Amino acid sequence: QRQERRALVITNPVWTHERDKYAGFMPCPRPWFDVTIDFKSRIIGKQNYSMPLTEALFSSQIAAARTFGFEDQLATLQSLGLARGGSLRNAILVAGDDVVNEDGLRYQDEFVRHKLLDAVGDLALAGAPIFGRFVGHCSGHHLNNQVLRNLMRNSRFWTLTTVREATEQWGSMIDDSTYEEMLESI
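Following this note's numbering, the numbering of the sequence shown begins with 69 at its first residue and continues without gaps.
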């Protein structure tokens, strides 16, 4: 007999802060990601991407977003044995306020889309889909991991159910106006 797929449902907000950076979860009737980045480089600048996480949207809007790095950091990374598989085919290279790649960006906001892709991967360590709204403001791998640890340490923030039950039961508990109030409170 096949077991139903489990889901973590966020029942209470949980946040992690580090100076002006933060990551957190809020109750939401579906998996949702809201990611903001803010870089000094004018080619990147401040960008936000917010979306419900579905297989179709992930495939069409997020999966092709490449990682990125800065030309002035490349030699240091390579001397440390990092960025060994990086090329202009699988990464975006930023030099000052320009993109070095001849073909440019795949999306105007490819940088923030890649950070959303990173967050999806980081949070997959939960071992089950998370029915909740993830909010990351300049968060990166470290804060994403930290908020996931904070979440998992305390079951008052979540409940474990099946994907089917989460979709049926939790979907009616929260309306969209609640999200803006929660965001304003952080």
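Each residue gets a CB set at the ideal place from its N, CA and C atoms; glycine is no exception. Small disclaimer: the values here were computed from a predicted structure and weren't measured.
query                                                                                                         : result
Below 8 angstroms, can you find three or more Cβ-Cβ pairs linking the segment 223-239 to the segment 105-119? : no
At 3 residues or longer, what runs of the beta strand (DSSP E) sit wholly inside the segment 135-168?         : 135-138 and 159-163
With a Cβ-Cβ cutoff of 9 angstroms, do G137 and L125 count as a contact?                                      : no
According to DSSP, is D88 helix, strand or coil?                                                              : coil
Taking the alpha-carbon of L184 as reference, which of S118, A159 and L193 has the nearest alpha-carbon?      : S118
For the alpha helix (DSSP H) containing L76, name the first residue and the last one.                         : Element bounds for L76: not the alpha helix (DSSP H) but the beta strand (DSSP E), R74 to I78.
Applying the 10 Å Cβ sphere with the 16-neighbour rule, what's the burial state of D190?                      : buried
How many angstroms separate the CA atom of Y255 from the CA atom of P81?                                      : The requested residue 255 does not occur in the structure, where the chain is confined to residues 69 to 254.
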